[in-house]
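Before any comments, here is the structure.
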Amino acid sequence: MARARVEEQPATGTTLIVMVGLGIAFLLFMAFLNVVKSGNLLNESNLLYAALIFYSGAGALYLGFGVTGTESYVKFASLATWAGLLANTGAVAHRWYQAGHPPFASIYEMLLSFVWTLAALTLIAEKRYGVKVIGTVTMPVTIVGVVLMQLLRSDVRPLVPALQSTWLHVHVTLAMLAYAACALSFALAMMFLIQDKMKTETFLAATSLFTVGIYASILTRFEKWGGLNVIAWNADEKSEVFISKGVRLFVTIPDLGWLMVVVLAAVAAPLVLYLAGRVQKNEDFLNIANRAVFIGILLQSLALVFFLLRARDGQYASLDAEGLYPTSLAASPFILSGLIGGIFASLLYLLLLWRRDDLERLLPDANALDRITYKTICIAFPLLTLMIAAGAYWANRTWGSYWSWDPKETWAAITWLIYAGYLHMRITRGMRGRVAAYFAVLGFVVVMFTFFGVTYLLPGLHSYA
Amino acid sequence: MALSFRTASSKIWQTLSSIKTGVILIILVVIFSAAGTVILQRPMTDPDDMQRAYSPRMLHIFDAVGLTDVFHARWFVALLVLVSLSIIAASLQRFPNSWRYFARPYKSPDENFRRVLPTRAQITVADEETGLVAAERAFREMGWKSERIVQPESFSLFSERHRISEMAVYIVHASLLLIFLGGIVDALYGWRGFLMIPQGEQSSEVALRAGVTRALPFAVRCEAAGEETYSDGSPKRWWSKLAVVDGGQEVQRKEISVNDPMVYHGLRFYQSSYGSTGKVDQLTLIARPTADAGDPREISLAPDQTVALDSDTTVHLAEFIPDFVVGDGRVYARSNDVVNPAARLVVASQKTPANQASLDFWLPEIPGVGQNALSPYTFEAKDLKMQHFTGLQVSHEPGQWSVWAGVILMGIGLTLVFYVVHMRFWVVPVYDGRGNVVLWIGGTANRNRDAFEQKFQKLVEEIKEQLKAERRTSTRETAAVTFAGK
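So the protein lines, in turn, are chains A and B. According to this note's numbering, the first sequence is numbered sequentially starting from 1. According to this note's numbering, the second sequence is numbered sequentially starting from 1001.
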């Protein structure tokens, strides 16, 4: 049946390719006009912009492939990914040349390397293992990564003495490889869950829970009378405003807090309905829940638009200091990526809801996915181990201590322990399939927390990364 | 009594060595170390910040339970010890079996084994010897060694690769224990501290924590220290030239910088900071006689140094204040940073009013303090060289070698675990029910089974290929024999 549907829409197939192709060409042309004006063709930001355009095109095509199953999309999507990777490589090389050290010294440079590795691994997974739909999950991650990079401080800063070490480069290279492998294992585990006939409503509940988590964490910044606290931003220095050492200055954007509360309620609704449906054993609840997802996406988009409009620039009052202070999107990368991530997750759910049969047909069978996930973790785990070891050796040479329980170290160890748990359960207890997939998903969530969360939420030595 | 003790201990052993216990312990470690990163930790946080972050009641509870210093709390150490014990118990329980497997490889499979082995194939051959020779050639062709197993009533072939892979898990576990051991040794016998040495001086007093010091059995002298900066003023490199003085003699010398420490007697000295001591090293002045229009002179003064200006007059650098304020007609120091420096010179002269032998000259002139106006010379500061100190992190970590050995061993172990597969192949000639000789080929691998299946298929194909070649040569031989006979 699914096949029949695909064959009915051959016209749509070409349309999307042409549309994406024209979109890419148009954006490149516009970018080129700008470049001609400035007279500098191959600099890093242009290359990065090109990479963003190509990755977005690839993402759209992969998504289109996920929806329609038209084989030719994948070919073009791979092509776009290749082009994006090429531009990304150029950006990395340019950065390396300009800075005189490999691009690992700040969170901006690390994102640059991470996105590169992820795109490369996507192509490997697709060519080597035939997991074609994987770009549907990884491309959005690369897009969010490149968008975040546009916001972060990107000027080449000289390396402080502690960072001038070969071991640092070894450490960070290993970290990026390990994290990208973890991201891949996560994507594969998600594919497995789809192929394993996991119920659509379970995905509904998980998506809802994920978005609720995002909005709940955003609302930790809720301020009295409906405001939302964001970090103040110094546009001249391109850095956060600090009251004293390590204490950031927050400004309150009025009314945005209420909007977030409304969105939280909207994204929580599917979860509540799902639970109610289970208790009452009533299918109707699920239909309402699916509709609620729609409303949720609309409201999330609204929240994103309002956040973009109000936080992009503007002066707001602060509770901790007198006067008005400016803020910027760059000051709130987490809220921004959270908002985008929530919308993506909900859209992926809709994709699953509508085109499940096609997806199942296009993916390798469940056993193969399970095995590839395990293999990816078999690659990620030694990399994680070596990364921690190299980091410890570097710390020992720099601070005179190989382990000081600083938050980043501790969370790296926690990540390591979780994957160690996965391997033990799998090897000695024969854990397979769904439980293993959950474990892989959990592992990646912790990896992301170690990568981003610790840097921004927990204080410590790793302040530059 | 004895029996119950035995059952109890065996029960404890069972619990300790089970995977379930291991996983629960891992989960506990994860939870508590996560708590240790979320709750502010005493050793790294300012006490005032702690007060600000939590209510007194909350802080009291946290302190009582040890959540404000999780990683040094007794119960956390106990938890890590339990993890180690669990690793040891689990490894010991499984080891004998693996060792038997490792030490006495199963070389000639019996009928039962042959029937249940999942990866197997059968090829009909002319006779036992042809089959085995072909198989031997096939193994050689694949680049593997094979061994002929001679039993009283049968021959067979056995081939295996990477038997060490069976031991990999124990290597990884042993490496983890080595790392833990190093950590424990350092926690018990290691220490860290800070050594501040002003340029040109020596010190052996290491500050461990606030108010606690530790005397080294030798002294470290800082010959010179310096800072290089980038054009934007941020630090590029800190360095110090150090010398170790032991028993009154200089025994070692090294220029250290960040990432490049000095090691002496198991102690390591790291460049950690660099700054001004607030003391002056060298003050260069221009002295001008007030009375007659004599030539101005340039003089250079170190603290407490006296220089003669003429036959009757001397000047002495008595005091230097890097950041001064004036209150109640006196001069006070505000900080050690050279923000607002002042120097007190003592000028002694025969020419001064008879009632005093010397007078204070303040640089710069501070109204109401000093007697600048009476001085036979006026002074003008030309150059100021401050004394700098180098800050060294000192650490003693006797357990670190165990840690690094563990890390290397773990690298080896993990490589073996994930990328080295123990493969075994057996080739046994058997008779099928109808009196034909059949070559039974079987194989196992301890991981990565799908890749192994392909290898196995390749081997079977190779054996078939060899058999065909064999047949071809033997027919040719037979043909030759027939021809000769004709």
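Where is the CB? At the ideal position from N, CA and C, for every residue including glycine. In this text, all values refer to a predicted model and were calculated from it rather than measured experimentally.
Chain A contacts from the stretch 1331 to 1364 of chain B (Cβ-Cβ distance under 7 Å): none
Ordered along the chain, which non-local residues of its own chain (more than five positions away) have a Cβ less than 6 Å from that of residue 418/A? 443, 446
Got a sec: is the Cβ-Cβ distance from residue 1411/B to anything in chain A below 8 Å? yes
Please name the residues in the stretch 1025 to 1041 of chain B whose beta-carbon is closer than 9 Å to at least one beta-carbon of chain A, in chain order. Residues 1026, 1027, 1029, 1030, 1033, 1034, 1036, 1037, 1038, 1040, 1041.
Relative to chain A, which residues along the stretch 1375 to 1401 of chain B have a C-beta separation below 7 Å, given in chain order? 1393, 1395, 1400
Going along chain A, which residues have a C-beta under 8 Å from residue 1019/B? 424, 425, 428, 429
State the Cα-Cα distance for the pair residue 134/A and residue 171/A, rounded to the nearest angstrom. 27 Å
Hey, how far is the Cα of residue 7/A from the Cα of residue 357/A? With a pLDDT of 40 at residue 7/A, under the threshold of 50, the modelled position of this residue cannot be trusted; read the value that follows with caution. Linking residue 7/A to residue 357/A through their CA atoms gives a straight-line distance of about 14 Å.
Best match in 1255/B, 1410/B, 1193/B for proximity to residue 1396/B [C-alpha to C-alpha]: 1193/B
With 9 Å as the C-beta to C-beta threshold (strictly closer), list the residues of the stretch 1259 to 1286 of chain B near chain A in chain order. 1259, 1260, 1261, 1268, 1269, 1270, 1271, 1272
Rounded separation between residue 214/A and residue 204/A - CA only: 15 Å
Unbroken stretches of the alpha helix (DSSP H), 4 residues or longer, contained in the stretch 163 to 234 of chain A: 166 to 195, 200 to 218
I'd like the span of the alpha helix (DSSP H) that includes residue 331/A, first residue to last. Neither: residue 331/A is in no alpha helix (DSSP H) and is coded neither H nor E.
At least three beta-carbon pairs within less than 8 Å, the stretch 1334 to 1350 of chain B to the stretch 1302 to 1314 of chain B: yes
Where residue 1080/B falls: helix, strand or coil (DSSP): helix
Roughly how many whole angstroms lie between the Cα atoms of residue 182/A and residue 1005/B? 47 Å
Outcome for residue 1446/B when other beta-carbon atoms lying within 10 angstroms are tallied against a minimum of 16: buried
Outcome for residue 193/A when other beta-carbon atoms lying within 10 angstroms are tallied against a minimum of 16: Counting Cβ neighbours within 10 Å, residue 193/A comes out buried, since at least 16 surround it.
Taking any Cβ of chain A, which residues in the stretch 1406 to 1433 of chain B have a Cβ under 9 Å from it, in chain order? 1407, 1408, 1410, 1411, 1414, 1415, 1417, 1418, 1419
Going by CA-CA distance only, name the one from 88/A, 128/A, 100/A, 277/A that's closest to residue 114/A. Per the Cα distances, 88/A.
Minimum C-alpha distance to residue 1246/B - residue among 1271/B, 1236/B, 1217/B: 1217/B
Let me see if you follow: with CB-CB separation under 8 Å, is residue 389/A close to chain B or not? yes
Between residue 378/A and chain B, is the shortest Cβ-Cβ distance under 8 Å, so that the two count as touching? yes
Using a Cβ distance threshold of 8 Å, determine whether the stretch 1161 to 1180 of chain B contacts the stretch 1367 to 1379 of chain B, with at least three qualifying pairs required. Touching, no.
By a C-beta neighbour count over all protein chains shown, 10 Å radius and 16 as the cutoff for buried, is residue 18/A buried or exposed? When all chains shown are included, residue 18/A counts as exposed.
Nearest to residue 70/A by CA position, among 355/A, 375/A, 344/A, is which residue? For residue 70/A, the nearest C-alpha among the options comes from 355/A.
Using the three-state DSSP reduction, which class does residue 1235/B fall into: helix, strand or coil? In the structure shown, residue 1235/B sits in a strand (DSSP, three-state: E or B).
Counting pairs of Cβ atoms below 8 Å between the stretch 1067 to 1077 of chain B and the stretch 1159 to 1177 of chain B, do you hit three or more? Fewer than three beta-carbon pairs drawn from the stretch 1067 to 1077 of chain B and the stretch 1159 to 1177 of chain B are found closer than 8 Å, and the two stretches are therefore not classed as touching.
If we ignore side chains and look at the alpha-carbon of each, how far apart do residue 1261/B and residue 452/A end up? 31 Å
Under 7 Å Cβ to Cβ from residue 1409/B, same chain only, skipping five residues before and after it: list those, please. 1171, 1174, 1175, 1178
Using only alpha-carbon positions, find the residue among 281/A, 229/A, 399/A that is nearest to residue 258/A. For residue 258/A, the closest alpha carbon among the candidates 281/A, 229/A, 399/A is that of 229/A.
So for residue 1109/B, helix, strand or coil by DSSP? Three-state DSSP puts residue 1109/B in coil, outside helix and strand.
With DSSP run on the structure shown, which of helix, strand or coil describes residue 256/A? helix
Are the C-beta of residue 413/A and some C-beta of chain B separated by less than 8 Å? yes
Beta carbon of residue 271/A nearer than 8 Å to that of residue 208/A: yes
Output the boundary residues of the beta strand (DSSP E) element that contains residue 1445/B. Taken as a continuous stretch (DSSP letters only), the beta strand (DSSP E) holding residue 1445/B covers 1437 to 1445.
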